[in-house]
Amino acid sequence: PGLAASQVVRKVLTANFVCDPLFFFPAFYTLKELANPTTPILQSLTSPAATVSTALAKYRNNFFQDWQCSWSFWLPGHAISFGVMPPHLRFPWMAAVSFGYCCLLSYTRGHVLAELPAAKPEGEDVAVLLRAHGVSRANLGDLLE
Numbered sequence: 002p003g004l005a006a007s008q009v010v011r012k013v014l015t016a017n018f019v020c021d022p023l024f025f026f027p028a029f030y031t032l033k034e035l036a037n038p039t040t041p042i043l044q045s046l047t048s049p050a051a052t053v054s055t056a057l058a059k060y061r062n063n064f065f066q067d068w069q070c071s072w073s074f075w076l077p078g079h080a081i082s083f084g085v086m087p088p089h090l091r092f093p094w095m096a097a098v099s100f101g102y103c104c105l106l107s108y109t110r111g112h113v114l115a116e117l118p119a120a121k122p123e124g125e126d127v128a129v130l131l132r133a134h135g136v137s138r139a140n141l142g143d144l145l146e
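Offset between the sequence shown (1-based) and the numbering used here: plus 1.
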């Protein structure tokens, strides 16, 4: 409130056309890929570049739909925040709007569990995990009996 319309428009456009596409969505897809139960844990830990590459490939496939969804939600949300909302109410307003957007994002991009195959650990992954927990081949037989 009290800001010139051009300042409000600049803030809304910057948030929606610069910050979200360049910062929010790449971070979202990277964190989603790290938390993806179909991604082998060792790949996430030992090859972060591969994880980021996979995440950005998914972002490239979904960017237009993601941007449309984001703009339909955040253009009015940011316009209200920067143009109408008093400064002392912006934080609770943004928290409430962000919660709604998280629900929408979860609905549109949170379908990982429906795609899960019956997971079987690969032999190399199991061996590395066992070694990490101090299990050697010598005492592996004792554990299996």
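Backbone N, C-alpha and C define an ideal beta-carbon position, used for all residues, glycine too.
Query                                                                                                                                                                               : Result
Do residue 107 and residue 94 have their C-beta atoms within less than 8 Å of each other?                                                                                           : no
Which value, in whole angstroms, describes the spacing of the CA atoms of residue 61 and residue 37?                                                                                : 18 Å
Mapping DSSP to helix, strand and coil, what is residue 85?                                                                                                                         : coil
Roughly how many whole angstroms lie between the Cα atoms of residue 111 and residue 68?                                                                                            : 16 Å
Quick test of your reading: residue 79 and residue 16, contact by CB under 8 Å. State the CB separation rounded to the nearest angstrom.                                            : 5 Å
Count the other C-beta atoms from every protein chain shown that fall within 10 angstroms of the C-beta of residue 100, then say buried if there are 16 or more, exposed otherwise. : exposed
Report the residue from 84, 102 and 91 whose alpha carbon sits nearest the alpha carbon of residue 11.                                                                              : 84
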